[in-house]
Every structure is written in C-alpha cells, then in structure tokens.
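Number of protein chains: 2
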Amino acid sequence: MTDPAEERNTTAPARLRTLPTRLLSLVTMHSDRIVTEGLAGADARKWHYAVLATLEENGPASQAELSRRTGVYRSDLVAVINELSARGLVERAPDPADRRRNVITLTGAGRDRLRRLDALIGSLADEVLAPLDAAERDQLTALLTRLLDHHGGHPGPG
Amino acid sequence: MTDPAEERNTTAPARLRTLPTRLLSLVTMHSDRIVTEGLAGADARKWHYAVLATLEENGPASQAELSRRTGVYRSDLVAVINELSARGLVERAPDPADRRRNVITLTGAGRDRLRRLDALIGSLADEVLAPLDAAERDQLTALLTRLLDHHGGHPGPG
DNA sequence: GTACATCGTTAGTGCGACTAACGCAAGGGA
DNA sequence: TCCCTTGCGTTAGTCGCACTAACGATGTAC
C-alpha cells in the first residue's frame with residue numbers, strides 16, 4: 001500500500017452508493033461519532049443534553065415524562081438521572097402529590113451546563129454539516145423532519 | 001391513557017426537534033428497522049445484499065477487497081460469506097495466484113437472489129421515503145451524498 | 001534472508017436499543 | 001372496603017453491531 005490516497009474506501013458499487021437507506025446509515029454513523037466524541041470530551045452524552053434541554057423548556061418533570069419526551073427508555077433514564085444528579089446538574093426528589101414519581105428539577109449549575117452544551121452541540125452540528133450552506137441545511141432539516149413525522153416521532157418507548 | 005393518539009411521543013422540545021444530528025439518528029433508526037425487518041422476512045441481511053451487489057458489479061473478489069468496498073469489517077465478513085455460501089449464493093475458493101486469499105464468486109442462484117433483493121430493497125426504500133416525491137428524494141440523496149463524501153465514505157475498515 | 005505487510009479467522013469488547021419482571025402506589029369500579 | 005388495572009422507578013439481562021486484538025500463514029521489499 002504505497003499510495004496513501006488509496007488506503008481505504010475503495011469506491012462502493014453504484015447500487016450501494018445511491019441507496020438512500022444506506023446513505024442515511026453511513027452519514028448517521030459519522031454524525032453520531034462526531035457528536036458522541038465531542039460530548040465525551042466535555043464529560044457529557046447525548047442523553048444528558050436531551051434531558052437538560054427538556055427540563056429547561058418544559059419545566060420539572062417525572063422520569064416517565066422525560067422518557068416520553070426524549071425517547072430514552074425509562075430503564076436507561078435511571079442511569080442518566082444518576083449521572084446528572086451526581087454532577088449537581090439536576091435534582092431528584094419524590095413527588096409528594098404522587099408518591100410513585102420522582103420530580104426531576106434543573107439546578108442553576110444544570111442551566112449553566114446546558115448553555116455550554118448548546119454551544120458545543122452547535123459547533124458539532126456545524127462540523128457534520130460543513131459542506132452544506134444555510135439553505136441546504138434547512139432543506140435537509142425539512143426533509144428529515146417530514147420523514148420523522150411520517151414514521152411517528154422517536155421509535156423508542158411509548 | 002384513554003386517548004390512543006396521546007399514548008406516545010409527547011412532543012420533544014424545540015431544540016431537539018430541529019437538531020439535524022438528532023433528526024439523522026432518529027430517521028435512520030426508523031429506516032434501519034424497516035430495512036432490517038424487511039430483509040429478515042426474506043432470510044437476508046443488509047450485508048448480504050451489499051456483498052452480492054458488489055460481486056455482481058465488480059466481479060469476483062477477495063474477502064479483504066469486499067471488506068473495503070462494502071465497509072464491512074473483514075472479521076465480520078467471515079460470517080457473512082459463510083451464510084451466503086451455505087445458501088449457495090456464493091462460492092469461496094482459495095486463490096491459486098495468492099494463497100493468502102479466498103476468491104469469492106457469485107453463483108447463478110446468487111444472481112437470482114440479488115434480483116429479488118433489488119426489488120425488495122426498492123420497495124423498502126419506498127416505504128422509508130413515502131412522504132417525499134421524486135424530486136425531494138433526489139434532493140435528499142444528493143445532500144446525503146455530499147455529506148458522506150466530505151466525511152470520507154464509510155467509516156469502517158480502512 | 002530477514003523484516004515487514006496482507007490475508008482469513010477467532011475471540012472478545014463496548015455500547016445502544018430494547019424486554020421482562022419486580023415492588024410500590026394511585027384510581028376506578030363493584 | 002377489597003380488587004383489579006395501570007403507571008411509576010428500578011434492576012437485570014438480551015441482542016445486534018461497530019470495532020479491536022491477536023494469531024498463523026503467506027506474500028513482498030530490501
């Protein structure tokens with residue numbers, strides 16, 4: 001292997017190169033990697049951001065409600081809340097009105113953290129969408145949104 | 001929960017709903033599920049299709065070369081070739097010119113199978129892209145292709 | 001000939017989506 | 001009042017997939 005340009009990614013056959021479902025998979029793989037690694041560098045995960053953002057926009061909520069809004073399974077949400085509360089970004093308290101529930105509340109530190117993550121996520125999204133101009137990004141977002149709506153939102157817990 | 005329309009997917013916060021990286025993840029999740037389940041119903045997997053298509057378009061190849069073209073790790077490719085050859089769709093033979101390699105060859109049955117999978121994948125892609133008209137599908141494909149090219153093809157083995 | 005690279009293969013890791021089942025609490029009839 | 005159903009938080013565990021590490025065997029370069 002003497003030519004570094006040929007080391008990897010010998011071109012795939014035409015059928016695969018233009019197959020939309022495959023394109024989605026591959027692009028998402030890159031995108032997820034960039035986001036996951038970027039967030040890991042800030043001691044965070046995608047779910048952390050999703051939960052914090054949901055709390056800020058909709059106010060305190062039970063874990064089940066957070067699960068419905070974010071698409072994270074409530075079984076997995078337990079660990080997320082543990083991590084967030086261990087960092088002091090969130091508070092978990094039993095709901096006096098319904099003793100089955102925990103009320104999750106965003107703390108001041110959580111709000112600060114969310115600001116930083118907003119900026120970070122923005123720059124990571126920029127990295128993913130680098131080759132597209134503003135109009136094209138809007139196009140992509142609109143197309144994806146329509147697909148998502150058609151298929152019924154996040155696939156996860158319901 | 002008496003209203004079936006409200007059972008699931010309480011709307012997510014705006015920040016999440018418009019975040020392109022998240023949209024990609026969610027749409028791909030739906031897409032992958034549809035494709036994977038559709039192929040499973042025909043006793044096939046995504047990788048089977050990728051390998052068969054590559055073999056037809058580029059002719060017989062070693063496993064390492066198939067790995068580069070499809071993006072499947074050569075460690076995982078072993079099982080794929082096993083499955084394909086067990087079904088008589090492919091033949092694995094040692095390469096007399098380079099005894100490290102196996103030459104993988106598409107059989108007649110493999111070609112027939114590929115035809116059926118082509119049709120199946122087409123209909124599954126239709127299902128994924130249902131809400132988009134032809135022009136919009138082209139748009140989406142073009143945008144995704146540019147993103148993929150920018151990030152250097154399939155992320156996998158190189 | 002010796003050092004290095006490539007090939008096929010085996011084994012194993014890590015993570016994310018997803019399921020099952022539990023004890024507990026709330027609400028709605030009879 | 002008892003029961004039955006439903007929702008809640010939590011624990012444990014499964015499954016598939018991307019990915020790594022290492023191996024013996026073979027080919028290639030110096």
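Here the protein sequences come in this chain order: B and P. Okay, so the first sequence: first residue is 1 according to UniProt numbering, each after it adds one. Okay, so the second sequence: first residue is 1 according to UniProt numbering, each after it adds one. We put the beta carbon where it would ideally sit given N, CA and C, even for glycine.
field: Check whether I104/P and P60/P have beta carbons under 8 Å apart
entry: yes
Nearest candidate by alpha-carbon position, reference R92/B, set G41/B, N82/B, L143/B and R99/B: N82/B
- prompt: If the cut is a Cβ gap below 8 Å, which residues of chain P does Q139/B touch?
  reply: Q139 and L143
- request: Specify the secondary structure class of T28/P as computed by DSSP and reduced to three states.
  value: helix
- prompt: Using a Cβ-Cβ distance under 8 Å, would L19/B count as near chain P?
  reply: yes
- request: On a CA-only basis, which of R111/B, D133/B and L19/B is nearest S31/P? Give me that one, please.
  value: L19/B
Near-chain B residues of the region 20-32 of chain P - C-beta to any C-beta below 9 Å: P20, T21, R22, L23, L24, S25, L26, V27, T28, M29, H30, S31 and D32
task: Starting from the Cα of D118/P, find the closest Cα among K46/P, R101/P and R99/P and give me that residue.
output: K46/P
query: Going by the beta-carbon positions, is the gap between S62/P and L77/P smaller than 8 Å?
result: no
- request: Sort Y49/P, R33/P, T10/P and L16/P by Cα distance to G122/B and report the nearest one.
  value: L16/P
- request: Assuming G110/B contacts L52/B (C-beta within less than 8 Å), just tell me the rounded distance between them.
  value: 6 Å
query: Looking at chain P, which residues of the region 122-137 of chain B have a Cβ within less than 8 Å of any of its Cβ atoms?
result: L124, A125, V128, L129, A130, P131, L132, E136 and R137
message: If you measure between the beta carbons of L124/P and V35/P, is that distance less than 8 Å?
response: yes
message: Below 8 Å on the Cβ atoms is my contact criterion, and I expect A130/B with H150/P to pass it. Report the Cβ-Cβ distance as a whole number of Å.
response: 6 Å
- prompt: Since P94/B sits in a beta bridge, which residues does DSSP pair it with?
  reply: N102/B
- prompt: Considering only residues of the UniProt domain "HTH marR-type" (17-149) of chain P, which uninterrupted beta strand (DSSP E) runs meet the minimum length of 3 residues and lie entirely inside it, listed in chain order?
  reply: 90-94 and 102-106
field: Buried or exposed by the 16-neighbour rule on C-beta atoms within 10 Å, applied to R116/P
entry: exposed
- prompt: Can you name, in chain order, every residue of its own chain whose Cβ lies under 6 Å from the Cβ of E127/P, other than the five neighbours on each side?
  reply: I34
- prompt: Which residues in chain P sit within 8 Å of L148/B, going by Cβ to Cβ distance?
  reply: L23, L26, V27 and H30
message: Any beta carbon of chain B sitting closer than 8 Å to that of H48/P?
response: No, H48/P does not count as interfacial toward chain B.
message: Does chain B have any CB closer than 8 Å to the CB of P155/P?
response: yes
task: Using a Cβ-Cβ cut-off of 8 Å, state whether P60/B counts as contacting chain P.
output: Answer no: the Cβ-Cβ gap between P60/B and chain P never drops below 8 Å.
task: With DSSP as the reference, label L12/P as helix, strand or coil.
output: According to the sequence shown, residue 12/P is Ala rather than Leu. DSSP places A12/P in coil when its eight states are reduced to three.
- prompt: For residue 169/B versus L114/B, is the C-beta distance shorter than 8 Å?
  reply: Any answer about residue 169/B is impossible in this case: the structure gives chain B only from 1 up to 158.
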